[in-house]
Each structure stands twice: as structure tokens, then as C-alpha cells.
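Protein chains in written order, with numbering that gives the first Met the number 0: chain A, 0 to 222; chain B, 0 to 253; chain C, 0 to 473.
Here the structure is laid out as C-alpha cells; the discussion comes afterwards.
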Amino acid sequence: MSSREAILGRIRRSLGASGSDAPRHDAVRHHLHTTPRNVVPARGQLPPAERVALFCRKAEEVFASVVRLDRPDGIPSAVADYLRSRNLPQAIRRGDDPRLAALPWEREAQLAVSTGASAGADLVGVSHADAGVAETGTLVLTSGPDNPTTLNFLPDHHIVVVDASTVSGDYETVWADLRRRFGAGAMPRTVNLVTGPSRSADIEETLLLGAHGPRSLHILVVG
Amino acid sequence: MTPKPRVGLFVTCLVDFFRPTVGFAAVKLIEDAGCEVFVPAGQTCCGQPAYNSGDRAGARALAEQVIALFEGFDHVVIPSGSCAGMIKVHYPSLFAGEPGWTLRAERLAAKTHELTAFLTDVLGVGPLPTAWEGTATYHDSCSGLRELGVKDQPRKLLAAVDGLTVKEMRDPESCCGFGGTFCVKYDEISNAIVDRKAADVRSTGADLLLGGDLGCLLNIAGKLKREGSTVEVRHVAEVLAGMTAGPAIGGAKR
Amino acid sequence: MSGAPASATFPKNARAALANPPLLKAIAHIEETLVSGRRRAIDALPEFEALRDAGRDLKAHTLAHLDLYLEAFERKVMDAGGHVHWAADAAEANSIILDICKAAGARTVTKGKSMITEEVGLNAFLEGNGVRPVETDLGEYIIQLRGETPSHIIAPAVHVNKEQVAADFRRAHTDLDPRRNLDEPVSLLAEARGVLRERFLAADVGITGANFLVAETGSTVIVTNEGNGDLSQILPKTHIVLASIEKVVPTLEDVATIMRLLARSATGQEMSVYTTFSTGPRRPGDPDGPEAFHVVLLDNGRSAMLGTEFEDMLRCIRCGACINHCPVYRSIGGHAYGSVYPGPMGSVLTPSLYGLETSAHLANASTLCGRCESVCPMRIPLPKMLRHWREKEFERHLTPRKARLGLAAWRLLANRPRLYGLTTRLAAWGLARLAGKSGALTSLPLAGGWTKWRDLPAPEGGTFRTEWAKRGRH
């Protein structure tokens, strides 16, 4: 008997159940199909403007920096401003995400923009989040041909654009959106929920930013 | 005239042996609140030492003794959160599969109360006519606090004591390290725990430590005394009943 | 680490810990960091108690259908192009992982922080078979350099101070400039980040654990703060996830519920920095991510806990709150427990995983104060289960002779009220006489465990029952 059968058999014996027990199958099918919500905190259940304000506040609480922009075409200059303010070279790496590709990068003549996955040499990565979650100031980033996951972790500075209209009050709204876009029960290879820059408190419980991932997380909220 | 409620006092083995004053204080408090108090002579131990040592049969034998002695009263009152918790929370589980005994255990559990909870929650007593001049701090014993929710009741009663101020510890809810047989089985660890508790007591600057469980109080008093501290330690019932003429726990005789 | 843990020598281990001031100083930090952080985070979320109920209920539902959710999870992983392996015990898990490493031609593997790989002793096994495992979580990296095991499930190096870390780095990082300043945590972190960055980029296989396995989507989920778990899994060609079977949850909604409990209970964060869902290998057109994705599902005694008094333990989400709040852990730290899992959760789990014979001390070394249960986000009745282990110990006659005799004597007395009354009356009178005016005893034969550390307050004199009878009361 394979270990698979042995383990499943032991579980069923311990539970006093059989593998073909219809009510148990129904309960599982029902739960997976209806994906019921459990307790959702009231904190994020706000009108749009206040929701976005909560998102910004929560992100700043966890040491992200946040800049609000009215329109997407202001993104390149906001990126250049950030680099200047941090004394960083005018160079970024980004994915080919159409929301980023369509921006007027040429307006920032000094800014060198490269695209694609990171091999570890880039100081600054720019990504577009699919959503924000106001509840905890969390960004939601999904992987795909135009959205390398390495950009979220290897560069020292991570600049993330998020559309204010995609900032939800809770994670459950994000799940519903993922199901709508990728199909029920399906996910992109990687979904990163990012809440602040990388940190560690492993040495004498001293909180330090920039453990292995980005030392700083800069969020551009558009709209 | 309605007859007075009949209260069975389970005095606990520690109070019986170490500090009868606590028993008399409890009697006074309950009688002053309008009840008739009985102390069944056959009482010994609630069985918790056996229960917490894995000896269910031993615990069960004592539980039967307690149930038989006390099931006839309107209420059973205990000046200890730990023993009250044993009866209220754990007795019914000792008789799983025996409906007769389970029912008797559950009935007893339902009318069993820790002393300060009985006075406030059941009898609704108001301010007690008593005084104690000074600052006290209050240790929340683990079983009373976490099994029975005893937290505000003693503080409410103490707030009305003339001249008494309560100054809280940084962490009044942390264990004192007594833990029944734990304190002798793992005495070095127990010592490290009570060391922190004693430091917390001292840092309040209070001259009196109060609590509702004699086990914890013996432990903390013993530690404070060894450290040469002058903080007095008493069971909360002694202060509430105004029975503080005698020496404090572990205190020298005058 | 696999095999018998060092729990049998618990009293000796504890004594050594109590005589180790730097260790005690390090553990004392837990109060102002993890404990007060948790309090603040919970106070800021009015729904926390309701979430605890929801978390408990959803885990109970999952455990009652564990076989079916595991099968659903397996199907989804395969649908996404991943592989699922089932391991009955530690040895099988290790050999499955080694086979995958060999097939990938791996010489080094990077590891995200994972208690389950500690449980199976994966590092020693891989090293013994020519594969070099590199721990990448800062705390795990430090203890790997020191040749130690974690002393805390979420803060593995909590027992180490920065001077020790600096010495370890100077010893292990042979090309480190001796003039380099390593006095502060920030410079230590920078040094580790530099060294480990090269390891990430060079690794052939990445191994992580999982906080959740999502049956709905076939995703494995890791929750981390440093980002090392992510670098471990997106850079190498192969990603292996080792997870125990009780990590499965039904849906993303269920993950959200436990997420809201986990970080708050663990570190006082509202959300850990990185919560990453990994579903299969990289997709066509993806510019990065692993080309192969393996999930190893480990049982190692868990299926046998289902349907027993220890089933509730399978709700544990490894937040460490019980550990942080335990007065015993706070006195001796984690290593004294002699097991991968310290503190209350460890004392319940260790006998299940390694046998009661070597670990009976753990369940006894508790005051049963109940603070663990009061802070457990999954409402696991830890004291009840510690007591169950004491019952098993008693039933199997493993209880030490001295304790058995003591219990028997107490039972004999307490069941005979007259004899009890006589004995206690004499003893109380004797002790009171012995103490005299001082009111306390500074030493007492047979009570050395007590009087070595504290005075024994003396009895007042007569027992309550005799005094009561004297007053002619009923």
C-alpha cells in the first residue's frame, strides 16, 4: 500500500469515516463551491475615499512611504522624484505590464527604464499591484508574463503603483476578484500580499528593515 | 419570612491546615450577608492534586466524597478559585459515561462559587463596613481568573474598604509559580517564576499583597519573607471581614 | 534531530538554562516586544474574539473532513502542473526530498524558515547525503552556523545575543574583513544579507514549509517578514514544499480568517510582510519562478491524533503565543524542552511525535496556569491536553515512584476524614511549634524543594475544623 493510501486510510479510521460517505463529500463540495465568508472586520468597510485614506495610513504604519497622484501620467515623474529624494541613480527595472508600459516614461529624460525579471543587480524595481487592502495597508501583486515576481524581492527599493479604485476594504474582495479574473479555484503562479518593506527582528528582537527583500517600499496611489 | 439560604462552606485543605482565619473570615462574610453557614465535618480535599497528577480514579473518589457531603446545600462556597474551579469546571468530566454521577456533579457545579464571586455576583452585597489603612496589590490566581472569571469581584469589594487603596502590579494575571505539586517537582523553575512575581509585588510599593487562593499566597509570602521584604500577605477575605488582628501569612507573631 | 529528542533530561536542561544569565536576559525581551505587541494589535481589532471562534470552527470542520480536503488539494496541485508526494514519517519525507534534489542535480538548497523541516531533521539528512542546505531566515541562519536548533518557533535565535552573532559571522564568513564593524544588529543584518544573497542566486533547489495548503486552489502559502522564503522559492529551478497534513484549509476565505489571527498572535503585527500563495510551477511565458513544484505531505503521527483527546492540537497554527506567555518558557527558554517544539504547544505535541517515554517531564513541567489557552488564537485547550498526558503517564505507570507514593498516601488520608483530621491536627500543631514566634520555617525535611528557595509560612496552630468544632458549630 502506498503512503498516500495508508495516510488517508488512517485519517478515515481515526474519524470513523469512509471515503465514499456522501454527506461528507457534499459538505466539502458545498464549502469549496460557496466559499463562505467568515468574520470580516468592520474596519475596512468604508466609502471609497475613506477606504483609500485608511489604506495609506495602514501602509505608512508598517513603514511604507505613500504618495497620492491624481493621474497615471504623473507616475514617471513621481518615480524620478523618489529616486532623487533617496540619492539613487535614475534607473529602474519594471515588468511589461500594459498599465506601466503605457506611461510616458520618455518625459523623464534622465531615467533609464529596463524591463523584465531581475537577476539581482537592480537597485529599484517598479511593479503594478492588482489591488490594495485597506484593512492592513496590504498590496496584492500577481505574477504573469509581464509581472516578474523577482522584482518584488530582489531590488533594494520597490516602488509599487496601485490604482485607488482597486483598493478594497478586505481580503475577501480580493479573492472574489481573483476568481473573476482567473476562474474559480484557479490562481496565478504567485500571489504576493505585501505589507510594508522586508523586516527582521531576529537579532535581539531589534526591528530592522530590509532583511532579504526590499529595504524600502514606496507606494504610488493613483486616482 | 423567607428562610436564610443554606451555604455549605468548603474550607479547602490548605485553609484548614495553614490558616483557619481565612475560614472564619469567610463564615463571617457569608453570615453577614444573610446566609446560614454549615461546615460538613467530613470534608478533606477536593481531589485536585490527584486530578492534576493524572490520577483520575483518585480524584474521582474524592469528588464522590465532596458531592455526597455538599449536594444538600443551596450554595457551596469556597475561599479558593482553584478548588472552586475543580468542582465547577472539572468534576463533571470525571464521571463521563455515568449519567447518575454526571448529573450530581453538574448540579453541584452549578451551585458552587468562589467566595468573592458569591458575595458580589450571587448575593449582590454592597460596601462592607470595614477598614484597612494602606496600599494593597492584588494577585489574580490562575484558576479563579481563567476558569471562573474572578477578576473584578474582589476589586469591587476592596474598593469599598475604608482607607484601602489598590495599586495594580504590572502583570497581576501572571502565574506565581505555585502550580500545586509543580512547586516542589520543578522547584528551580517555580522559584524563577515566583521571583518575578515577588519583584512585581515589590515594585508596586504596596504594603499588603492580597489574593483569593492560599496556595499562591503561601508561595509568594514565603518568597517575600525569604527576600526580607516587609510586604504583608493576606487572603482577601481577612481584610474584607476585618479579621487582620493576627499575624499575616508567614508573619512573625507579635 | 529526528529520533528521540533531549526531553528526557528536562530537569538538567532547565537547571543549565537557569544558570545562563545572557539567555535569561534575551528571553526577558519577549515581554516588551511580542507580548505587548500582541496586546496592542488585539486591542485594535474588535472582531478578534469572533475571529478566534471562526478559526476554531473552520479548523474543526477541516479536520472532520481532512481526507477529502487533502484529496481536493492534491487534485488542484496536479491541475496546476505540480507534484504531490505523501510521506508517512520523517524518514520517508527526507528520502522523497533527497530524491527530488538528486534528480535536479542539486548541490545546494536554500531553505525558508520551516519548523517542519526541523521536525524531520532534514538538514542533517541532506548534509549526510551530499546536499548542502542553507538556512536563509536570519534567525535560522544564525543557529545553523552555531550548530544549534531553534529555541522558539517564530524567533529561532531569541536566545542568542548580538555579540555571539558577530563572533559566529567572523568564524563562518572567512573572507570577512576583520576590521569590519559588527557591533550593531543593523551591521550584522547587512553582512548576512550580502552573504545569503549569493546563496539564493546559486541554489539549485528551494525548500519551504507552508502555513496553509489551500484545497480550493492547490496553493501553498507561506507567511514571512524577511522575504527569504520568497527568494528561496522563486530563484531556484525547483521548489519543494514540505507541509504536514493538518495545514490544509478549505478556501481563500478561510486563509483570510487565520491570517487575521496569526501575525497578531505571533508578533503583534496586523499582517506579516509577505504572505505568498504559490500554485504550481511557472506558467508559459512567465519570466521567473520555479520550473518544478513539489509538495510533500507529511503525516508523522498526526493522523493518529485525530479522534483522540489530542485532536484539538491539530488546530495549531504555530504562532508561538502560548510560548511567549508561558511562565515556564519565560524562565528557561526553548532548548531546555529538548524538542523542536518548546513551550505549551511543544509539550503537547512532543509526546505525540516522539513518544511519552522520553518526554513525560514536559507535560508535568507546567503550573497549568491556563494563560496559554487564554491567548491561543485557535482556542486549543492546552492545559487539558497536558493533563491528558499526565493521565497517560499515570495509566502506563511511568509516573516516578516518589510521586506515586505521595499520591497514594494523600489518597489514603483524604478518603478517611477522621484519620485525615487527626494527622493534619498533629502536623499543624507540630509545624506551628517548630516555627515558634517567627511564623515561618526556613528549612524542613521532606520539603527541601520548597524551603530551598522560600520560607514556608507556618500553620496558625489548630486546624479550621478543630477550631470550628471547639466553638460548638455544625
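Backbone N, C-alpha and C define an ideal beta-carbon position, used for all residues, glycine too.
Original post:
Closest Cβ-Cβ distance between V90(B) and chain C: below 8 Å?
Top reply: For clarity, residue 90(B) is Tyr in the given sequence; the question names Val instead. Taking Cβ atoms only, chain C never reaches closer than 8 Å to Y90(B), which makes this a no.
Subject >> K401(C) - DSSP class collapsed to helix/strand/coil >> reply: helix
Subject >> Beta carbon proximity, D191(A) to chain C, threshold 8 Å >> reply: The question names Asp, but residue 191(A) in the sequence shown is Asn. Yes, its Cβ sits closer than 8 Å to a Cβ of chain C.
**OP:** Scan the region 279 to 344 of chain C and note each continuous beta strand (DSSP E) run of 3 residues or more that stays entirely inside, going in chain order.
**Re:** 291 to 297
Original post:
With DSSP run on the structure shown, which of helix, strand or coil describes H158(C)?
Top reply: coil
Original post:
For L7(A), which option in L440(C), D298(C), S186(C), C368(C) has the closest C-alpha, if you only look at C-alpha atoms?
Top reply: D298(C)
**OP:** Name, going along the chain, the residues of the region 78 to 109 of chain A whose beta-carbon falls closer than 7 Å to a beta-carbon of chain C.
**Re:** none
Subject >> Chain-ordered neighbours of Q64(B) on chain C, where CB pairs are closer than 9 Å >> reply: A413, N414, P416
Original post:
When the Cα atoms are used, what is the spatial distance from Q77(C) to G279(C)?
Top reply: Reading off the sequence shown, one finds Met at residue 77(C), where the question assumed Gln. Roughly 8 Å between the two C-alpha positions.
Original post:
List, in order along the chain, the chain B residues whose C-beta lies closer than 7 Å to that of N554(C)?
Top reply: Residue 554(C) is absent from the structure shown; chain C starts at 0 and stops at 473.
Subject >> For E49(A), the nearest candidate out of A183(A), I218(A), S164(A) (CA to CA) >> reply: S164(A)
Original post:
For the beta strand (DSSP E) that contains D162(A), what are its first and last residues?
Top reply: 156 to 162
Original post:
For the region 221 to 239 of chain C against the region 288 to 303 of chain C, are there 3 or more C-beta pairs whose distance is under 8 Å?
Top reply: yes
Original post:
Under three-state DSSP, which class holds W100(B)?
Top reply: helix
Original post:
Is any beta-carbon of chain C found at less than 8 Å from that of A116(B)?
Top reply: no
Subject >> Backbone secondary structure at N218(B) - three-state DSSP >> reply: helix
**OP:** State the DSSP-derived secondary structure class of P153(B), mapped to helix, strand or coil.
**Re:** helix
Original post:
Taking buried to mean at least 16 other C-beta atoms within 10 Å of its own C-beta, is S264(C) buried or exposed?
Top reply: buried
**OP:** Go through the region 69 to 98 of chain B residue by residue and report every complete run of the beta strand (DSSP E) that reaches 3 residues or more, in order.
**Re:** 74 to 77
**OP:** Report the rounded CA-to-CA distance for L125(C) versus G80(C), giving the unit in angstroms.
**Re:** 26 Å
Subject >> Chain-order list of residues whose beta-carbon lies under 7 Å from that of A251(B) (same chain, five-residue window excluded) >> reply: none
Subject >> Backbone CA spacing between L23(C) and L261(C) [nearest angstrom] >> reply: 26 Å
Subject >> Closest by C-alpha distance to L440(C), when choosing among R131(C), L425(C), A457(C) >> reply: A457(C)
Subject >> Backbone secondary structure at G460(C) - three-state DSSP >> reply: coil
Original post:
Which ranges does the beta strand (DSSP E) cover as unbroken runs of at least 3 residues, wholly within the region 45 to 115 of chain C, from first to last along the chain?
Top reply: 82 to 86, 107 to 110
**OP:** Measure from the alpha carbon of A108(B) to the alpha carbon of each residue in Y90(B), G99(B), D120(B), then state which is nearest.
**Re:** Y90(B)
**OP:** Pick helix, strand or coil for I248(B), following the three-state DSSP scheme.
**Re:** coil
Original post:
Can you list, in chain order, the residues of its chain whose CB lies under 8 Å from that of E167(B), leaving out five sequence neighbours each side?
Top reply: Listed in chain order, the non-local C-beta contacts of E167(B) below 8 Å within the same chain comprise T136, Y137, T203, local neighbours out to five positions each way being set aside.
Original post:
Where does N151(A) land, buried or exposed, given buried means 16+ other C-beta within 10 angstroms?
Top reply: buried
Subject >> Residues near L110(B) by beta carbon distance below 8 Å, same chain, minus five either side >> reply: The identity of residue 110(B) in the sequence shown is Lys, whereas the question assumes Leu. Excluding residues up to 5 positions away in sequence, F72, D73, H74, V75 lie with their Cβ nearer than 8 Å to the Cβ of K110(B) in the same chain.
**OP:** Hey, could you find the ends of the beta strand (DSSP E) S113(A) is sitting in?
**Re:** Residues 111 to 114.
Original post:
Hey, out of L82(A), D80(A), P196(A), whose CA is closest to V272(C)'s CA?
Top reply: The shortest Cα separation from V272(C) among L82(A), D80(A), P196(A) belongs to P196(A).
Subject >> First and last residue of the uninterrupted alpha helix (DSSP H) at V61(A) >> reply: Unbroken run through V61(A): none, as it is neither H nor E.
Original post:
Going by the beta-carbon positions, is the gap between I154(A) and S199(A) smaller than 8 Å?
Top reply: Note on identity: in this sequence residue 154(A) is Pro, with Ile being the wrong assignment. No, they are not a contact pair.
Original post:
Taking Cβ positions only, does F124(C) come closer than 8 Å to chain A?
Top reply: no
Original post:
Which partner residues of P10(C) appear in the DSSP bridge assignment?
Top reply: In the DSSP output, where bridge partners are listed per residue, P10(C) has none listed.
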